[in-house]
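In the numbering used here, the protein residues as written are 1340 to 2174.
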């Protein structure tokens, strides 16, 4: 709402009615009552209204709203009655993309007001520009706006003032449409004296009939959506060009502003130009008949299907020609159709026979090839030729080499067999073997030996996850983008494979620190599969799971839990064990971040059981989930219980990754160090903490930035062990914000307290703002850091704070069962001396 008001305040002369100067004079209304609401402060003004932040109720019942005040006398008494009645209808609009209207009425002095939901968000065009969204993402976002407007139309409500400042995107990436129906209602109900003065329209986005003062209907909103889409696609308003009655095509607007080399010009030219110009037709009857019709064409463009809109003049000329020459045209078409049908039938039958023959031949070759590979593998496992019973991973490696060396196999058959083997190797955690196998398949596609975009994309998908597991995240993203582009060129609805690849791309974007972009992409997949989701449970559930993962990474754990529970419900009827296990693991992480530790522990245990049954206890994926289960014990203060499990996991993880330890080894070292520390074994914690940091530095790619407590944790341990000034530099590393910590983890609190203690020793007293994160201590280490925090308050706080802090110090000191470390004892002694 603040951003909307900022836009109102910036409105130009055309946005302001002529009576504006007389209607509103600066008056302080703070503390005044408007209905049940108490005005607190002015948020902004512009056009025909002023908006205040207001509240009603107290404490648990406190509710805030944005109150829009209209000029006294703007409504006659009968009109005010109708205004209240129809605003009550508007207040019943309930849609996730519509900001709620709580109530409307008039204050005691006759001032009409509207109480609206206060929305924290950013203008849709600014939001897209800051994230550098491509045209597809912008069109996808517009579909949410269309859904909101279509819902309102079904409830007989017209918006009539659609513009970027009335469409916000909140922190979660959700569209919210504001000021619903206000323009229409005011236009309908103004008194005769002010009807021509007070008109709630913005000329840049208003339909021609609105500017002419004519009655408006749903066609005005079609125009408004077209104007908004024009702004999103071109960065310009549709009326920024002197183009007469009709608007300049978006592609031409971009070309005129940016030059012909702008990539948007090519993408806009054609269907998108047609869609936008159809919505912006000056005559209402030539626009889309409904918002749903506009949405259908936008979805068709996203799916690369033909759109319903066509240039009217071309159709019109064709119809006229046919009407003038009906008999000749019909006769000509009949003859041509007969010839074409006969010719096409012959060609189709020949083509079909040829395709079937080729397919049968390829299938036979593939069957022979598979048989020969199996025979070769069985011969090589003969006890007379090899010692012992080789495991499956060895057989897969032998099969991969055999296929790569066999030049008699058709390239398509070799590529398919290598992809299947590579997939199996990746599932077993044999990443080096999988990389070698899949790269051989990709070379066949890359050099043109195999022309199969679907197989190529499928192989790139599997290979990207091998790259991800080996900490080559940038390479993994490039491969998934390539796979997405390959399938994007195939017309038709979204296939399960393409949905899987786009969702995988979203997942890796989220893991790489781009959760907002990931949410948009995953939500697109969910919406496109929702109608037939039961036929595509795996792809639909996967997209829901990634929506949850992105929300959790974006520090919205409760939203994450909601999405992940939906994913679990999608999977459960078919009991897809791997997918359920993945979802349980992600649910555990989200519940952990939400502070629901018991639920997280239960989810992790379920995931560990499933993974162990599927892959075995030492598979890298199983080890990761086992580590999560142990880590949540540490977070609950059960560190001693977790140490043994983490030691086993670290040993098996190092064995799985060989001499190239990656992020899994670093994170296990880190949590083992934290478990040692929280169990009172500070000196034992230092070695694994240092090793975790060293591996993180070797990995690079922003790893230590994403795990921002890894370096300062080493500094914290050195601080505990009184290792001189060695801790100073490391304590300050990382992006842990001690003024506003972004997550209430214990380690973040301790790092902030240690930093502040060191600063106060040098006379720079400042207490970090972490008291809101406090919860009862879960172990002795947690207790002593809260003791250190109270000591800091007693040193640096105001007089009343110091007295309260000293009492807390005494209570915490007596409640500790473990001896206090030297650094804390010396500071407590110094505090007592200065009473």
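Even for Gly, the Cβ is constructed at its ideal location relative to N, Cα and C.
- Are there 16 or more other CB atoms within 10 angstroms of the CB of residue 1884, so buried, or fewer, so exposed? buried
- Message: Using a Cβ-Cβ cutoff of less than 8 Å, which residues in the same chain neighbour residue 2163 once the five nearest sequence positions on both sides are dropped?
- Response: Spatial neighbours of residue 2163 in its own chain (CB-CB distance under 8 Å, excluding positions within 5 residues in sequence) are listed in chain order as 2123, 2126, 2127 and 2130.
- Query: Between 1443, 1460 and 1458, which lies nearest to residue 1452 when the distance is taken from Cα to Cα?
  - Reply: Answer by Cα proximity: 1443.
- Compare the Cα-Cα distances from residue 1604 to each of 1589, 1379, 1919 and 1506 and report the closest residue. 1589
- Message: Taking the beta strand (DSSP E) that residue 1509 belongs to, which residues open and close that run?
- Response: 1506-1509
- Message: Using 8 Å for Cβ pairs, my map puts residue 1376 next to residue 1404. What's the rounded Cβ distance?
- Response: About 7 Å separates the beta carbons of residue 1376 and residue 1404, which is inside the 8 Å limit, making them a contact pair.
- Validate contact between the stretch 1978-1995 and the stretch 1935-1948 using beta carbons, cut 8 Å, 3 pairs: no
- When 2098, 1775, 1473 and 1890 are compared against residue 1741, the one with the closest alpha-carbon: Measuring from the Cα of residue 1741, the nearest candidate turns out to be 1775.
- Message: Let me check one thing: in DSSP terms, what residues is residue 1383 bridge-paired to?
- Response: Answer is 1390.
- Task: Can you check the stretch 1802-1843 for any alpha helix (DSSP H) of at least 4 residues that lies completely inside it and give the ranges in chain order?
- Result: 1812-1827
- Message: Suppose you measure from the CA of residue 1382 to the CA of residue 2161; what does that come to, to the nearest Å?
- Response: 53 Å
- Query: Can you tell me the Cα-Cα spacing of residue 1822 and residue 1812, whole angstroms?
  - Reply: 15 Å
- Task: Quick one: residues in its chain with C-beta nearer than 7 Å to the C-beta of residue 2136, no 5 flanking neighbours on either side, listed in chain order?
- Result: 2106 and 2144
- Task: Keeping to the same chain, check which residues put their C-beta closer than 6 Å to that of residue 2120; ignore five residues upstream and five downstream.
- Result: 2017
- Message: Once the 5 residues before and after residue 2193 are set aside, which same chain residues still bring their CB inside 6 Å of it?
- Response: It is not possible to answer for residue 2193, since the shown part of the chain is limited to 1340 through 2174.
- Query: Helix, strand or coil: how does DSSP classify residue 1723 here?
  - Reply: In this predicted model, residue 1723 has a pLDDT of only 49, less than 50, meaning its place in the structure is not dependable enough to derive any value.
- Item | Where residue 1323 falls: helix, strand or coil (DSSP) | No answer is possible for residue 1323: it lies beyond the span of the chain, which begins at 1340 and ends at 2174.
- Item | Buried/exposed call for residue 1397, threshold 16 Cβ in 10 Å | exposed
- Item | Limits of the beta strand (DSSP E) - the one that residue 1442 falls within | 1440-1445
- Hey, which unbroken runs of the alpha helix (DSSP H) at 4 residues or more fall wholly within the stretch 2122-2148? Counting only unbroken stretches of 4 or more residues, no alpha helix (DSSP H) element lies wholly within the stretch 2122-2148.
- residue 2156 CB to nearest chain B CB: under 8 Å? Included in the structure is just one protein chain, with no chain B present.
- Query: DSSP beta-bridge partners for residue 1377?
  - Reply: 1372 and 1394
- Task: May I ask you to report which of helix, strand or coil DSSP gives residue 2170?
- Result: DSSP places residue 2170 in helix when its eight states are reduced to three.
- Task: Can you grab the Cα-Cα spacing for the pair residue 1342 / residue 2147, in whole Å?
- Result: Any reading at residue 1342 must be qualified, since the residue scores a pLDDT of 34, below 50, and its modelled position is unreliable; the value itself is stated next. Distance between the alpha carbons of residue 1342 and residue 2147: 43 Å.
- Query: Can you tell me the Cα-Cα spacing of residue 1800 and residue 1840, whole angstroms?
  - Reply: 6 Å
- Query: For residue 1496, which three-state DSSP category applies?
  - Reply: coil
- Count the other CB atoms within 10 Å of the CB of residue 1367; is the residue buried (16 or more) or exposed (fewer)? exposed
- Message: With a threshold of 8 Å on Cβ separation, who are the neighbours of residue 2006 within its own chain once the five nearest residues in sequence on each side are excluded?
- Response: 1966, 2031 and 2046
- Item | Nonlocal neighbours in the same chain, by C-beta distance under 6 Å from residue 1610, ignoring five residues either side | 1640 and 1646
- Query: Residue range of the beta strand (DSSP E) that residue 1461 falls in?
  - Reply: 1460-1462
- Query: Across which residues does DSSP place residue 1408 in a beta bridge pair?
  - Reply: 1389 and 1452
- Does DSSP classify residue 1330 as helix, strand or coil? Beyond the ends of the chain as shown, which are 1340 and 2174, falls residue 1330; an answer cannot be given.
- Query: Where does residue 2102 land, buried or exposed, given buried means 16+ other C-beta within 10 angstroms?
  - Reply: exposed
- Query: Closest to residue 1816 by CA distance: which of 1876, 1857, 2029 and 1929 is it?
  - Reply: 1857
- Just mark residue 1560 as buried or exposed, buried being the case when its beta carbon has 16 or more other beta carbons within 10 Å. The Cβ neighbour count for residue 1560, taken over all protein chains shown within 10 Å, is at least 16; the residue is labelled buried.
- Query: Under the three-state reduction of DSSP, which class applies to residue 1740: helix, strand or coil?
  - Reply: In the three-state scheme derived from DSSP, where H, G and I count as helix and E and B as strand, residue 1740 is classed as helix.
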